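These notes are about the structure you will find just below.
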Amino acid sequence: MKKIIILGIETSCDETAASVVERRGNKIKILSSVVASQIKWHKKTDGVVPEVAARLHVSAIIPTIDKALKQAKIKPEKLTALAVTTRPGLVPALAVGIETAKTLALAWQKPLAGLSHLQGHIASAALTLGDLKNKKLAWPILALVVSGGHTELRLLSSWKKYRLLGSTRDDAVGEAFDKVAKMLGLGYPGGPIVSALATKGQADAFNFPRPMMKENNFDFSYSGLKTAVLYKWQELTIKRIPNSIRQLTDQIPNSTISNICASFQAAALEVLVYKTMRAAEKYKVKNIILAGGVAANKKLRADLTQVANKGGFNLTIPDFSLCTDNAAMIAGYGAIIYPESFSRNNWKKLDASSRDDTEL
Amino acid sequence: MNVEFINPHQTSPFSRGRIKEGVFLKNEQAMKKFAANFAKKLKGGEILALVGELGAGKTTFTQGLAIGLKIKGKITSPTFVIMNEYPVAPRKRAGNYKLKILNFKLLHLDAYRLKDEKDLSALGVAELLNDPNNIVVIEWADKIKKFLKKYHVIWLEFKIKGAGRGVVIK
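Protein chains in written order, with the working numbering: chain A, 1 to 360; chain B, 361 to 530.
What follows is the structure in structure tokens.
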């Protein structure tokens, strides 16, 4: 059976990433996955200044692609095609990846596809399973995509076609974790810190609101929960010393901070789990995928797994390494749908967009 | 939509010198109405710099602005993606004797995750602020103060006042 080898490029926000994925029939595997910020760059040999590399896509992209090809031991002429993230994301950042991909596609005479970052996150479930014929990937699939920038429920009828059932109306769930961490003076990135402290706290210590839980739709809202935590924190701190809140972190017992983290996390995750299950029941879906950066949250993984198992649903969660932004999910998504969406001529029109308007 | 300007001297307990030339918005709806009204005065090319702590109402203000600009769809926080773009429905503006159809974008930026102005140019965002066709809203704008010195900027400061919020325009 013929091998399909795709080079994926992802620059939708902070990360510059490149990856090579191979597909043979229904079997799919990652040959390399390189994320610029995670590499120890050698200034001389790679020509990258490490401090700026993480955010300066322009200087990081070529060495990152080079590394991905070398690690995969794939020469450009062996590639079947290229795939690049075109949406949603930061437009100038996306443009770097897109223009690079166009240039390489022209130079190497390969087809190119412009793909959705969020559909890529969902496709990373297939990379984890390794087999496209796995029964957990039978259509329709309900996908909960949760990250610092997104909170969405998508009902997929194929890898490319989906219906947006609901999304956040303000802040994304991952953002709420980060901002609560900031309020409590815990540092960045806040997600892992808050969830680590939450394991030591009591989830019922504070009764934070479960926003949009009772509403008959699949939208989310995390701005109000953030503000509720802020009010509680002010109430606790201002009672002690009326001046500044920042200095007070030491004054509040660690157990209280852990309790806030646990209570906040419980509120934030309960809505996700509840609405996902309700959507699965309403749309009679058997298979569920949890994807995106917040899919690395252990409590969310555990809670959703428990509820899904109880209800007889198949849940797939990507490996931890595939949850955060990476290019393997784009290369993988490309390999899955190839030759659909790929073109030798049409790609000149590819353009960056801050929104994902692929819904079909 | 018929929106009235909120008179701070009638509705605010903070009007007696505590917020100078500011308004007090008693809740989220009041903030959105205030912003929607504010939007109607915008012509394109403005930069609105929003300052205020977490939960002070910056994103809510922008959501109201979008209502005023008749933008459809959800205005979500740009903290992670740094910038979101929304096309503004074309609207007519009198210019000479012909009516010009303006077609511009609302750029919703967030400097929260930026270290300083250097990050802004590294991300390629700086150039977008020069376009007179865009209305630019920047949350956590105090983080890129130096950069904004080059531009004519309307500063809006947000303060938490109990369940309400205060806004001071400079």
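A virtual CB, placed ideally from N, CA and C, is assigned to each residue, including glycine.
Keep in mind that this is a model prediction, so the values were computed, not measured.
Helix, strand or coil at residue i according to DSSP, with G and I counted as helix
{"i": "residue 85 (chain A)", "result": "strand"}
{"i": "residue 443 (chain B)", "result": "strand"}
{"i": "residue 459 (chain B)", "result": "Residue placement at residue 459 (chain B) is poorly supported in this model, since its pLDDT is 48, which falls under 50; the coordinates still yield a value, given next. Strand at residue 459 (chain B)."}
{"i": "residue 472 (chain B)", "result": "coil"}
{"i": "residue 221 (chain A)", "result": "coil"}
{"i": "residue 448 (chain B)", "result": "coil"}
{"i": "residue 128 (chain A)", "result": "helix"}
{"i": "residue 414 (chain B)", "result": "coil"}
{"i": "residue 314 (chain A)", "result": "strand"}
{"i": "residue 3 (chain A)", "result": "strand"}
{"i": "residue 235 (chain A)", "result": "helix"}
{"i": "residue 95 (chain A)", "result": "helix"}
{"i": "residue 168 (chain A)", "result": "strand"}
{"i": "residue 382 (chain B)", "result": "strand"}
{"i": "residue 454 (chain B)", "result": "Below a pLDDT of 50, predicted positions are generally treated as unreliable, and residue 454 (chain B), at 49, falls in that range; the measurement from the model is reported next regardless. DSSP places residue 454 (chain B) in strand when its eight states are reduced to three."}
{"i": "residue 301 (chain A)", "result": "helix"}
{"i": "residue 120 (chain A)", "result": "helix"}
{"i": "residue 151 (chain A)", "result": "strand"}
{"i": "residue 53 (chain A)", "result": "With a pLDDT of 47 at residue 53 (chain A), under the threshold of 50, the predicted position of this residue should be treated as unreliable, though the coordinate-derived value follows. In the structure shown, residue 53 (chain A) sits in a helix (DSSP, three-state: H, G or I)."}
{"i": "residue 402 (chain B)", "result": "coil"}
{"i": "residue 510 (chain B)", "result": "coil"}
{"i": "residue 10 (chain A)", "result": "strand"}
{"i": "residue 364 (chain B)", "result": "Because residue 364 (chain B) carries a pLDDT of 40, less than 50, the predicted location of this residue cannot be relied on, and the following value inherits that uncertainty. Coil at residue 364 (chain B), not helix or strand."}
{"i": "residue 134 (chain A)", "result": "coil"}
{"i": "residue 503 (chain B)", "result": "helix"}
Unbroken alpha helix (DSSP H) run spanning residue i, endpoints
{"i": "residue 351 (chain A)", "result": "Segment: none, residue 351 (chain A) is in no alpha helix (DSSP H) and carries neither H nor E."}
{"i": "residue 259 (chain A)", "result": "254-282"}
{"i": "residue 365 (chain A)", "result": "Summary: the structure shown does not reach residue 365 (chain A), with chain A confined to residues 1 through 360, and so no result is reported for it."}
{"i": "residue 332 (chain A)", "result": "328-337"}
{"i": "residue 194 (chain A)", "result": "190-198"}
{"i": "residue 399 (chain B)", "result": "388-399"}
{"i": "residue 68 (chain A)", "result": "57-72"}
Limits of the unbroken beta strand (DSSP E) element including residue i
{"i": "residue 30 (chain A)", "result": "27-35"}
{"i": "residue 515 (chain B)", "result": "513-521"}
{"i": "residue 495 (chain B)", "result": "494-499"}
{"i": "residue 146 (chain A)", "result": "141-146"}
{"i": "residue 112 (chain A)", "result": "112-116"}
{"i": "residue 22 (chain A)", "result": "17-24"}
{"i": "residue 362 (chain A)", "result": "The structure shown does not extend to residue 362 (chain A), since chain A spans only 1 to 360, so no value can be given for it."}
With 16 other Cβ atoms within 10 Å as the buried cut-off, status of residue i
{"i": "residue 158 (chain A)", "result": "exposed"}
{"i": "residue 268 (chain A)", "result": "buried"}
{"i": "residue 1 (chain A)", "result": "exposed"}
{"i": "residue 237 (chain A)", "result": "buried"}
{"i": "residue 499 (chain B)", "result": "buried"}
{"i": "residue 106 (chain A)", "result": "exposed"}
{"i": "residue 139 (chain A)", "result": "exposed"}
{"i": "residue 511 (chain B)", "result": "exposed"}
{"i": "residue 326 (chain A)", "result": "buried"}
{"i": "residue 255 (chain A)", "result": "exposed"}
{"i": "residue 178 (chain A)", "result": "buried"}
{"i": "residue 320 (chain A)", "result": "exposed"}
{"i": "residue 361 (chain A)", "result": "Not covered by the structure: residue 361 (chain A). The range shown for chain A is 1 to 360."}
{"i": "residue 257 (chain A)", "result": "buried"}
{"i": "residue 506 (chain B)", "result": "exposed"}
{"i": "residue 385 (chain A)", "result": "Examination of residue 385 (chain A) is not possible in this model, given that chain A is present from 1 through 360 alone."}
{"i": "residue 525 (chain B)", "result": "buried"}
{"i": "residue 370 (chain B)", "result": "Annotation note: pLDDT 40 at residue 370 (chain B) (below 50); position unreliable, coordinate value reported separately. Classification for residue 370 (chain B): exposed."}
{"i": "residue 302 (chain A)", "result": "exposed"}
{"i": "residue 77 (chain A)", "result": "exposed"}
{"i": "residue 199 (chain A)", "result": "exposed"}
Per-residue contacts from residue i into chain A (C-beta, under 7 Å)
{"i": "residue 444 (chain B)", "result": "354"}
{"i": "residue 415 (chain B)", "result": "226, 227 and 230"}
{"i": "residue 503 (chain B)", "result": "Those do not exist, as residue 503 (chain B) stays about 13 Å from chain A at its closest Cβ, beyond 7 Å."}
Within chain A, partners of residue i - CB distance below 9 Å
{"i": "residue 419 (chain B)", "result": "170, 171 and 223"}
{"i": "residue 484 (chain B)", "result": "57, 58, 90, 91, 92, 93, 95 and 96"}
Any non-hydrogen atom of the ligand PLP closer than 7 Å to residue i Cβ
{"i": "residue 109 (chain A)", "result": "For the structure depicted, the ligand PLP is absent and the ligand set is empty, with no information on it obtainable."}
Proximal residues of chain B, C-beta to C-beta of residue i below 8 Å
{"i": "residue 182 (chain A)", "result": "414"}
{"i": "residue 148 (chain A)", "result": "439 and 440"}
{"i": "residue 13 (chain A)", "result": "440, 441 and 442"}
Which residues, in chain order, does the segment 160-180 of chain A contribute to contact with chain B at a C-beta distance below 8 Å? 167, 168, 169, 170, 171, 172, 174, 175, 178 and 179
Note down, in chain order, all residues in the segment 382-400 of chain B with a beta-carbon under 9 Å from any beta-carbon belonging to chain A. 388
Using a Cβ cut-off of 7 Å, which residues of the segment 21-42 of chain A contact any Cβ in chain B, in chain order? none
Quick one: which residues of the segment 419-442 of chain B get their C-beta closer than 7 Å to a C-beta of chain A? List them in chain order. 419, 434, 436, 437, 439, 440, 441 and 442
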